[in-house]
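These notes concern the structure reproduced below.
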Amino acid sequence: MVACFGNKANDYPDGFDIAFEIAEVERHREGVLRDTVATLDRVESEAKRFARSVLDMKRYVTGLSSTRMMCKIESASLSGSGTALTGIVEQLDECQREIEQRLARMVELNAVIQSNTGMLRSML
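For the sequence shown, the residue numbers in our numbering are 61 to 184.
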């Protein structure tokens, strides 16, 4: 694209250094390309870090599931006072479902980010 400036030398006023302008535009293009690659590297790095964090959160949710199951077992073994634990178990169920849905959405969006950065990198 920059080379097209040199093809129309008669279109510019006298004293206009086309070679200098072409070199200047090329220098800016290379700088922007370097910045773009560096930014894509940072985005990819953060997306990978975020994916690891989501996996950690999923492990915590698994621990929450274990706690919920222990509460259900304890609630079943207590005849009269099991209603208090039933409420806690229901709250844990609700929270766990919401957390799992949000984590699944995070995984989806993170995959989109990773694929888009890969696609952008292939275009450079």
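Note that the Cβ used here is the ideal one computed from N, Cα and C, for glycine as well. These figures come from a predicted structure and were not determined experimentally.
Close-in-space but distant-in-sequence residues of the same chain around residue i (CB under 6 Å, 5 per side omitted)
i, result
"E104", "T177"
"N192", "Nothing about residue 192 can be read from this structure; the chain reaches only from 61 to 184."
"Q174", "A107"
"L124", "Q156"
"E158", "none"
"R181", "L100"
Spatial distance of residue i from residue j (CA atoms)
i, j, result
"R128", "V97", "46 Å"
"L145", "A136", "9 Å"
"M130", "D116", "22 Å"
"V92", "R119", "41 Å"
"H88", "L100", "18 Å"
"D74", "V172", "51 Å"
"F80", "L184", "25 Å"
"K132", "S126", "10 Å"
"L138", "G147", "14 Å"
Residues near residue i by beta carbon distance below 7 Å, same chain, minus five either side
i, result
"E160", "V121"
"E134", "L145"
Residue i - containing alpha helix (DSSP H), residue span
i, result
"L93", "I78 to S137"
Cβ neighbour criterion (16 or more within 10 Å) applied to residue i
i, result
"C155", "exposed"
"V229", "The question about residue 229 has no answer here: the residues shown for the chain are numbered 61 through 184."
8 Å Cβ shell around residue i - same chain, five flanking residues per side excluded
i, result
"V114", "L163, M166, V167 and N170"
"D153", "R128"
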